[in-house]
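Each residue of the sequence shown is one higher than the last, beginning at 15 in the working numbering.
Just so you know, even glycine gets a beta-carbon here, dropped at the ideal spot from N, CA and C.
Computed from a predicted model, the values in this text were never measured in an experiment.
Accompanying notes for the structure given below.
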Amino acid sequence: MWLPNAPRRVRINEVSVRDGFQIEPEFVPTEQKIALIDRLSETGLARIEITSFVSPKAIPNLRDAEAVAKGIRRQPDVVYTALVPNARGCERALECDLDEINLVMSASETHNLANMRMTCDQSLEQFRGVMQLAQSAELAVSGCVATAFGCPFEGEIAPERVKWAAGRYLELGMDSITLADTTGMADPRQVSKLVEAFLRWFPGVPLTLHFHNTRGMGLANVLAGLAAGVDSFDASLGGLGGCPFAPGATGNICTEDLVHMLESSGIDTGVDLDRLLGAARELPALVGHDISGQVVKAGKSTELHPVPEWVGAR
């Protein structure tokens, strides 16, 4: 195999409906969110983050969290998850019978203060109450370490800081860890080093990587993660999402581009790329603007063009 340590199959976790729609300038109607999730559920994606149970005042675009969670048509082989900020959000999520919830804290103290308006220790204390509720309900919990590869305020994050954050998550009883390149600052060498260190620190702990394409290195970082042995990646249909500290930059890595790259490289994703591209083609009409995905515009590399008549006439 061309990447000796790479897994033969990769899980793709779709985040567009939460991470993408939350920063769109216009509210995406509830019924259209539900229709998109139902369509994505039939593509073979392993996991779909469907919403966030945050205060509607904080993120008005996700004010329909309960309606979305209760309105989707669930597929038995898809894990449906949602972001939860606190115990109240967890209570709301529990009423919707999800498969998993996702908790987020930044490795960067400064970014956590800016984004969550609390220190990391305060976030962890808040998560303690969430974990009690989730464990009582036997609900799986994933812990995301944001700014794991860099902070727009502090710069590069020390690996030991990431180790500390992930370790605290696991002490609280979280089931899996996501390392997120929240503002698109990661590079392949850094990804390789941090992932190799993580796997030494926490052998056997399920690990997901979450990359942004802010500086055009998203898929290169995926390859670095694959080479280190990671088999689970977040991505967003059409590359929806963004970074508040990089206005105008592209957002999350694009799901259809990621699937195309992996499948073309002989790595199985279980995703039907044609169905995924069908959903991506309708996305501009849904959000009212163009999307950053490339394969949806250029087509798959296996799609050939007709030979011009003048070529045959020579």
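Assigned with DSSP and collapsed to three states, G280 falls in coil, not helix or strand. In the three-state scheme derived from DSSP, where H, G and I count as helix and E and B as strand, M188 is classed as coil. Cα atoms of E56 and V92: separation of roughly 9 Å, rounded to the nearest angstrom. Going by beta carbons, G252 and S30 fall inside the 8 Å limit. Taken in chain order, the complete beta strand (DSSP E) segments of 3 residues or longer contained in the region 225 to 275 are 246 to 249. Using a Cβ distance threshold of 8 Å, M119 and C134 count as a contacting pair.
Here I86 carries a coil assignment [DSSP, helix/strand/coil]. Sorting L59, V68, V24 and I26 by C-alpha distance to the C-alpha of R32 places V68 at the top.
Contact annotation, S150 with N116: C-beta distance approximately 18 Å; criterion of less than 8 Å not satisfied. In the three-state DSSP reduction, T44 falls in the helix class (H, G or I).
Taking every protein chain shown into account, the CB of V325 has fewer than 16 other CB atoms within 10 angstroms, so this residue is exposed. DSSP, read as helix, strand or coil, puts T316 in coil. By the criterion of a C-beta distance shorter than 6 Å, M188 is surrounded in its chain by V155 and G157, once the five residues flanking it on both sides are discounted. Among the bridge pairs identified by DSSP, V93 is matched with R61. When DSSP assignments are scanned along the region 160 to 222, the uninterrupted stretches of alpha helix (DSSP H) that are 4 or more residues long and fall wholly within it turn out to be 173 to 186 and 202 to 215.
Non-local C-beta neighbours of M132 in its own chain, meaning closer than 8 Å and more than five positions away in sequence, comprise N126 and Q140, ordered along the chain. Here the alpha carbons of L147 and A101 stand approximately 7 Å from one another. If you draw a 10 Å sphere on the C-beta of D248, you find 16 or more other C-beta atoms in it, and that means buried.
DSSP places C134 within a helical segment (H, G or I) once states are collapsed to three. When DSSP states are grouped into helix, strand and coil, R23 belongs to the strand group. Taking C-beta atoms under 8 Å as the contact rule, D52 and I86 qualify, at a distance of about 6 Å. Listed as beta-bridge partners of E114 by DSSP are T95 and A154. K311 sits exposed, since fewer than 16 C-beta atoms from the chains shown fall within 10 Å of its C-beta.
In the DSSP annotation of this structure, D78 is not part of any alpha helix (DSSP H), being labelled neither H nor E. Counting C-beta pairs with one atom in each stretch, the region 277 to 286 and the region 300 to 309 have fewer than three that are closer than 8 Å, which means they do not touch.
Out of A294, N266 and A96, the CA that lies nearest to the CA of G313 is found in A294. When secondary structure is reduced to three states using DSSP, E28 falls in the strand class. Sorting I62, E45, S250 and G265 by C-alpha distance to the C-alpha of L291 places S250 at the top.
A residue is called buried once 16 or more other Cβ atoms fall within 10 Å of its Cβ, and P99 is buried on that count. In the DSSP annotation of this structure, the continuous segment of the alpha helix (DSSP H) that includes D288 starts and ends at L287 to R295.
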